[in-house]
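*Asks:* Here the protein sequences come in this chain order: U and H. Counting in the numbering used here, the first sequence runs from 1 upward without gaps. Counting in the numbering used here, the second sequence runs from 1001 upward without gaps. For glycine and all other residues, C-beta sits at the position ideal for the given N, C-alpha and C. Note that the structure is a prediction, hence the values are computed from the model and not measured.
2 protein chains.
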Amino acid sequence: MSKHLTKRAEDYSKWYNELIVKADLAENSAVRGCMVIKPYGFAIWENMQKELDRMFKETGHQNAYFPLFVPKSLFEAEEKNAEGFAKECAVVTHYRLQNDPEREGKLRVDPEAKLEEELVVRPTSEAIIWNTYKGWIQSHRDLPLLINQWANVVRWEMRTRLFLRTAEFLWQEGHTAHATKAEAIAEAKQMQEVYATFAEEFMAMPVVKGAKSESERFAGADDTLTIEALMQDGKALQAGTSHFLGQNFAKAFDVKYTSKEGKQEYVWATSWGVSTRLIGGLIMTHSDDAGLVLPPKLAPIQVVIVPIYKGEEQLDAISEKVDVIVKELRAKGISVKFDDRDTFRPGAKFAEYELKGVPVRIAMGARDLENGTVEVARRDTFEKQTVSREEVVDVVANLLEEIQENLYTRALNYRNDHITEVNTFDEFKDVIENKGGFVSAHWDGTIETEDTIKELTKATIRCIPNDAKEEEGVCVFTGKPSIKRVLFAKAY
Amino acid sequence: MSKHLTKRAEDYSKWYNELIVKADLAENSAVRGCMVIKPYGFAIWENMQKELDRMFKETGHQNAYFPLFVPKSLFEAEEKNAEGFAKECAVVTHYRLQNDPEREGKLRVDPEAKLEEELVVRPTSEAIIWNTYKGWIQSHRDLPLLINQWANVVRWEMRTRLFLRTAEFLWQEGHTAHATKAEAIAEAKQMQEVYATFAEEFMAMPVVKGAKSESERFAGADDTLTIEALMQDGKALQAGTSHFLGQNFAKAFDVKYTSKEGKQEYVWATSWGVSTRLIGGLIMTHSDDAGLVLPPKLAPIQVVIVPIYKGEEQLDAISEKVDVIVKELRAKGISVKFDDRDTFRPGAKFAEYELKGVPVRIAMGARDLENGTVEVARRDTFEKQTVSREEVVDVVANLLEEIQENLYTRALNYRNDHITEVNTFDEFKDVIENKGGFVSAHWDGTIETEDTIKELTKATIRCIPNDAKEEEGVCVFTGKPSIKRVLFAKAY
């Protein structure tokens, strides 16, 4: 199977699409732009959810659930805010199908079952949530309100790609309300940190933390914080955003609270989200020409054990030893699969688990049985070692940590090698076109320059990094003064 | 707050609605028939999900995710199967809003953005899933396919009630494919057992396991297994169903596999689901006039600690002792909240946690501080005891188990007292009208009799119990021969 995978150097985009299907992560569905997330892909999402949900709760958030549909009138209330995607969305206009009187066995929309007001399938939930918060917030004692929702959302994208951009996707959306501006800003920053920590510690995906330029901001936000990752093909991926919404939604939905001093004040808001897009980022950060490479902390199967045997008797002898190892690994909280299927040869199994990115493979054959050993192979470097059965559990536990670290370091080195400081527009174009990655350049701070650069190079401002140091410089395009470098890149 | 709760004896339905809102479980939304599940209610659902998900995985199932939308043509393929709710559903006809040229600031559906084929928001996912399974199943080696999905679904209900019947609800739907009829039947039975175990062990809600009569079956099923619970007002609640689908969906979507013998065979299927309706069942099984009563195994907060103090100094002294108890309880995996808010008096807090059904309340006041004691109160019986601080953790741990058991026993006794065997139709009507609960009666097995009884009494056949013993009898309505009693009841 793996030999049919297109090489990254040949066609990165084709490699990506093929890998997702061959590794059983996801596939396109009968519904335009919507994907089916297969069990192996969904198990990665569940692992992501588990860690993120824990981190949200540790920072004081609770989950809730709001309706899938947003009445059109609520969209109108925030139309100015949400103009980004309020328009390209799925609209429910009717509530009944009926037998088509003209075509036997066919259904049609019942023309009499037209809704008085159209319902929009949520592209994001600010409108419905802020309309609800109006009833929940009266006093400063009701604040802060710290809520998250795990949900599906729909945006009618014309060009879709599995995980990266689909009409329906799964995400979480945090929506918080605060008494003060400072608190809301601190919340938005905190969630950017949570996302960065998750990306780096669990996904082993280094990210740049920064703020979006005005034209790349969420339409209803006063400030959009982002984490930006770099993919193997030199394109950037916006991996998560955290918005400081000011009082925009409070004003649109008239959400006020009585302060300790008895005054009526509009509340301050944030929203923040990450989605199944992260799985696309995970794939394009670590995987290789043999298939998926998964960081151990998110891998659905961390260790696979493959027996190499002739005849049932040998299999039984191997299984007996393997069972002990399986038990010991599981006792350490390591997820392990013993693949004793007799319908596939060891070679085919090796290829399958390479394709699926299982971090560690253990093989046990007749010679191992004699010598009291096993063969341990790591997916990230393909290195193999022979290990005694007594040591294997410790070796594997260490190896999983080592792989997690190695993936991060490897990605970090690649990323750092692909942040290029430039001081002329010729250099800028050269790096964007030939080397790829982030270009660190001075910019005059105007939307016009940003737009022109985008038109000429397809590169956009990914972010103004949080840690950008102040330095005197001139805009790489206009020569006007600038005090900070920003990061440009082509992006997904 | 709790004093405003309507008494159950006055108006059970009003009590139910008020309780849900006052206990912060859920509320109606701006979207007709759709609810907002508030954090406290959602935390109960999360606890349910966690246990169910574990049980599904322990029985070999994996989660996946399928699209929200079902193209109308796929509905037509299974129209015969899904006629039950294929018709009353939300239909997406357009994919864009635009500024309304005639009304400034308003949006309208873009008439040019009409979909070629309408999309139905899934009322259940058999159609989209079986259309997908066609691509996944070729050989007997691909079977069994054991998949579950956690999702939102929409059915355009005209009369809705929070949790019990809402236009959008959250559920899980298992969809499995098997090589043989026997395997599929065994799977459907297994999942009925899983549901029953969950209901009884976690929800402390006794259920009758049985099969639906033909007219109450899921439209695409050859057999529908059910768990039926009894609410405090004498009405039954269908709490979960598990369907043996025969080869109906395999034939509708042409899903065949090559058997070991090389023959092409249609696969056999099951589907099974439980939903947020379970929360309605939980409420109506245990709660009382003071508010919610939650079984400890599903309670978001198992123990609340309320300090009774005058002045900061006393609060500090109490807090110091409480912190130790909190730590010890948490070390035992018990969820505990220390409510030291100074904006509410102890009495108000007591009422709030009674209303919210927190199983155990600990109070510590000045005298307790002197005596080294606390007051422990249980929510189910309102009993209080004074306990030394050294013993409190063990006492509470035992108490939680006792409450869990007591709730089950209490509900079981009530349920058993409300299964009434009747042998005449006069008795039947009398019990249904005056006593409520399940009526165990002989039935001639015809749809006509079932329909007539329903018309006359509003009672339906809830199930043919799995453990119904064979006995000679005559139908309570027609006098025709019958060999088994079935359970009738009015139902939600």
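Would glutamate 1046/H pass as an interface residue toward chain U - the criterion being a Cβ-Cβ separation below 8 Å?
*Replies:* Translated into the one-based positions of the second sequence, residue 1046/H becomes position 46. By this cut-off, glutamate 1046/H is an interface position.
*Asks:* Between threonine 176/U and chain H, is there a C-beta pair that is closer than 8 Å?
*Replies:* Walking along the first sequence from the start, residue 176/U turns up at place 176. For threonine 176/U, the answer is no, since every Cβ of chain H falls outside 8 Å of its Cβ.
*Asks:* Just list the residues that DSSP pairs tyrosine 133/U with in beta bridges.
*Replies:* Residue numbering aside, residue 133/U sits at position 133 when the first sequence is read from its first letter. According to DSSP, tyrosine 133/U bridges with nothing at all.
*Asks:* Please go through the same chain and pick out, in chain order, the residues whose beta-carbon is closer than 8 Å to the beta-carbon of leucine 1005/H, but skip the five residues on each side of it.
*Replies:* Locating residue 1005/H in the second sequence gives position 5, counting from the first residue. Excluding residues within five positions, the ones whose Cβ falls inside 8 Å are Trp1015, Glu1018, Leu1019, Lys1022, Asp1289, Ala1290, Gly1291, Leu1355.
*Asks:* Starting from valine 1121/H, find everything on chain U with Cβ-Cβ shorter than 9 Å and list it in chain order.
*Replies:* Numbered from 1 along the second sequence, position 121 holds the residue referred to as residue 1121/H. The contacting residues are Leu68, Phe69, Ala90, Val92, Val121.
*Asks:* Could you tell me how far apart the beta carbons of glutamate 78/U and glutamate 126/U are, in whole angstroms, since I believe they sit closer than 8 Å?
*Replies:* Residue numbering aside, residue 78/U sits at position 78 when the first sequence is read from its first letter. Residue numbering aside, residue 126/U sits at position 126 when the first sequence is read from its first letter. Indeed they touch by this definition, with Cβ atoms about 6 Å apart.
*Asks:* Looking only at C-alpha atoms, which of Glu1168/H, Met1035/H, Met1231/H sits nearest to arginine 1008/H?
*Replies:* Position 8 of the second sequence holds residue 1008/H. Nearest option by C-alpha distance: Met1231/H.
*Asks:* When DSSP builds the beta bridges, which residues end up paired with cysteine 463/U?
*Replies:* Position 463 of the first sequence, counted from the first residue, corresponds to residue 463/U. Cysteine 463/U is bridged to Leu487/U.
*Asks:* My output table needs one value for alanine 219/U: the three-state DSSP class, helix, strand or coil.
*Replies:* As a first step, residue 219/U must be located in the first sequence, where it is residue number 219. Correct three-state label for alanine 219/U: coil.
*Asks:* Figure out for me which residue from Ala363/U, Ala489/U, Pro481/U has the closest Cα to the Cα of arginine 415/U.
*Replies:* Stepping through the first sequence from its first residue, residue 415/U is reached at position 415. Nearest C-alpha to arginine 415/U: Ala489/U.
*Asks:* Output, in chain order, the set of chain U residues within a Cβ distance shorter than 9 Å of tryptophan 1156/H.
*Replies:* Reading the second sequence from its first residue, position 156 is the one you call residue 1156/H. Within 9 Å Cβ-Cβ: Tyr95, Arg96, Ala113.
*Asks:* Would you give the residue range spanned by the beta strand (DSSP E) that valine 1208/H belongs to?
*Replies:* The residue labelled residue 1208/H in the question sits at position 208 within the second sequence. Looking at the DSSP string, the run of the beta strand (DSSP E) that includes valine 1208/H is 1208-1211.
*Asks:* Decide if the segment 1434-1454 of chain H is in contact with the segment 1467-1485 of chain H; the criterion is three or more beta carbon pairs, one per stretch, under 8 Å apart.
*Replies:* The answer is yes - the segment 1467-1485 of chain H touches the segment 1434-1454 of chain H, with three or more Cβ pairs under 8 Å.
*Asks:* Closer than 7 Å, Cβ to Cβ, to anything on chain U: give me those residues from the segment 1016-1030 of chain H, in chain order.
*Replies:* Those would be Ser1029, Ala1030, in chain order.
*Asks:* Taking only beta-carbon atoms, is tyrosine 1133/H less than 8 Å away from chain U?
*Replies:* Stepping through the second sequence from its first residue, residue 1133/H is reached at position 133. Chain U contact via Cβ: absent.
*Asks:* If I'm right that serine 242/U touches tryptophan 272/U with Cβ under 8 Å, what's the distance once you round it to whole angstroms?
*Replies:* Here residue 242/U is taken as the residue at index 242 of the first sequence, counted from 1. Here residue 272/U is taken as the residue at index 272 of the first sequence, counted from 1. Right, their Cβ atoms sit about 4 Å apart.
*Asks:* Listed from N- to C-terminal order along the chain, which residues in the segment 1318-1338 of chain H have their beta-carbon within a distance smaller than 7 Å of any beta-carbon of chain U?
*Replies:* For the segment 1318-1338 of chain H, which is checked against every Cβ of chain U, not one residue is closer than 7 Å.
*Asks:* Per DSSP, which residues does tyrosine 257/U bridge with? Please list them.
*Replies:* Start at 1 with the first residue of the first sequence, and residue 257/U comes out as number 257. Answer is Glu265/U, bridged to tyrosine 257/U.
*Asks:* What's the C-alpha gap between isoleucine 1301/H and lysine 1337/H?
*Replies:* For the purposes of this step, residue 1301/H is taken as residue 301 along the second sequence, with counting starting at 1. For the purposes of this step, residue 1337/H is taken as residue 337 along the second sequence, with counting starting at 1. About 7 Å.
*Asks:* Between the beta-carbon of valine 1306/H and the beta-carbon of arginine 1361/H, is there less than 8 Å?
*Replies:* One-based indexing of the second sequence puts residue 1306/H at position 306. One-based indexing of the second sequence puts residue 1361/H at position 361. Cβ distance < 8 Å, so valine 1306/H and arginine 1361/H count as in contact.
*Asks:* Taking the alpha carbon of alanine 1179/H as the reference point, which residue from Phe1042/H, Glu1265/H, Glu1112/H has its own alpha carbon closest?
*Replies:* Within the second sequence, the letter at position 179 stands for residue 1179/H. The residue with the shortest Cα to Cα distance from alanine 1179/H is Glu1265/H.
*Asks:* At which residue ranges does the segment 1339-1380 of chain H contain complete alpha helix (DSSP H) runs of 4 or more residues, listed in the order of the chain?
*Replies:* Taking only runs of at least 4 residues, the alpha helix (DSSP H) segments lying wholly in the segment 1339-1380 of chain H are 1346-1355, 1366-1371.
*Asks:* Beta-carbon of proline 1039/H versus every beta-carbon of chain U: anything under 8 Å?
*Replies:* Here residue 1039/H is taken as the residue at index 39 of the second sequence, counted from 1. Output row for proline 1039/H: interface = yes.
*Asks:* Rounded to whole angstroms, what's the CA-CA distance from methionine 203/U to isoleucine 1044/H? Just pull it up for me.
*Replies:* For this step, residue 203/U is matched to residue 203 along the first sequence. For this step, residue 1044/H is matched to residue 44 along the second sequence. Roughly 30 Å separates the two Cα atoms.
*Asks:* Could you compute how far the alpha carbon of glutamate 328/U sits from the alpha carbon of arginine 345/U?
*Replies:* By 1-based counting over the first sequence, the position of residue 328/U is 328. By 1-based counting over the first sequence, the position of residue 345/U is 345. Distance between the alpha carbons of glutamate 328/U and arginine 345/U: 26 Å.
*Asks:* Among the candidates Leu170/U, Leu97/U, Arg161/U, whose CA atom is the shortest distance from the CA of proline 123/U?
*Replies:* The residue given as residue 123/U occupies position 123 in the first sequence. When each option's Cα is compared against that of proline 123/U, the closest is Leu170/U.
*Asks:* Using a 10 Å radius around the Cβ and a threshold of 16 neighbouring Cβ atoms, would you call alanine 331/U buried or exposed?
*Replies:* Translated into positions along the first sequence, residue 331/U becomes position 331. Looking at its Cβ environment, which holds fewer than 16 other Cβ atoms inside 10 Å, alanine 331/U is exposed.
*Asks:* Mind checking if arginine 1159/H is an interface residue toward chain U, Cβ cutoff 8 Å exclusive?
*Replies:* For the purposes of this step, residue 1159/H is taken as residue 159 along the second sequence, with counting starting at 1. Not one chain U Cβ lies under 8 Å of arginine 1159/H.
*Asks:* Among the residues of its own chain, which have a CB less than 6 Å from the CB of asparagine 466/U, if the five just before and after it don't count?
*Replies:* For this step, residue 466/U is matched to residue 466 along the first sequence. Contacts found: Lys209, Gly210.
*Asks:* List, in chain order, every chain H residue whose beta-carbon is nearer than 8 Å to that of glutamate 168/U.
*Replies:* By 1-based counting over the first sequence, the position of residue 168/U is 168. Within chain H, the residues near glutamate 168/U are Pro1067, Leu1068, Phe1069.
*Asks:* Here's a check: name, in chain order, each residue in its chain whose Cβ is nearer than 8 Å to the Cβ of alanine 1468/H, leaving out the five neighbours to either side.
*Replies:* Taking the first residue of the second sequence as position 1, residue 1468/H is located at position 468. Closer than 8 Å at the Cβ level, and outside the excluded window around alanine 1468/H, lie Gly1210, Lys1484, Arg1485, Val1486.
*Asks:* Chain U beta carbons: is any one of them nearer than 8 Å to that of glutamine 1302/H?
*Replies:* Locating residue 1302/H in the second sequence gives position 302, where the first residue counts as 1. Judged by the 8 Å Cβ criterion, glutamine 1302/H is not in contact with chain U.
*Asks:* Out of Met1048/H, Thr1452/H, Ala1459/H, point me to the one whose CA is closest to glycine 1234/H's CA.
*Replies:* In the second sequence, the residue the question calls residue 1234/H occupies position 234. Comparing Cα positions, the closest option is Ala1459/H.
*Asks:* If you run the structure through DSSP and keep just helix, strand and coil, what is arginine 1159/H?
*Replies:* The residue you call residue 1159/H lines up with position 159 of the second sequence. Of the three classes helix, strand and coil, the one that applies to arginine 1159/H here is coil, per DSSP.
*Asks:* Helix, strand or coil: how does DSSP classify lysine 1384/H here?
*Replies:* On the second sequence, position 384 is the one that residue 1384/H refers to. Three-state result, lysine 1384/H: strand.
*Asks:* Does the beta carbon of asparagine 1248/H sit closer than 8 Å to a beta carbon anywhere in chain U?
*Replies:* On the second sequence, position 248 is the one that residue 1248/H refers to. Output row for asparagine 1248/H: interface = no.
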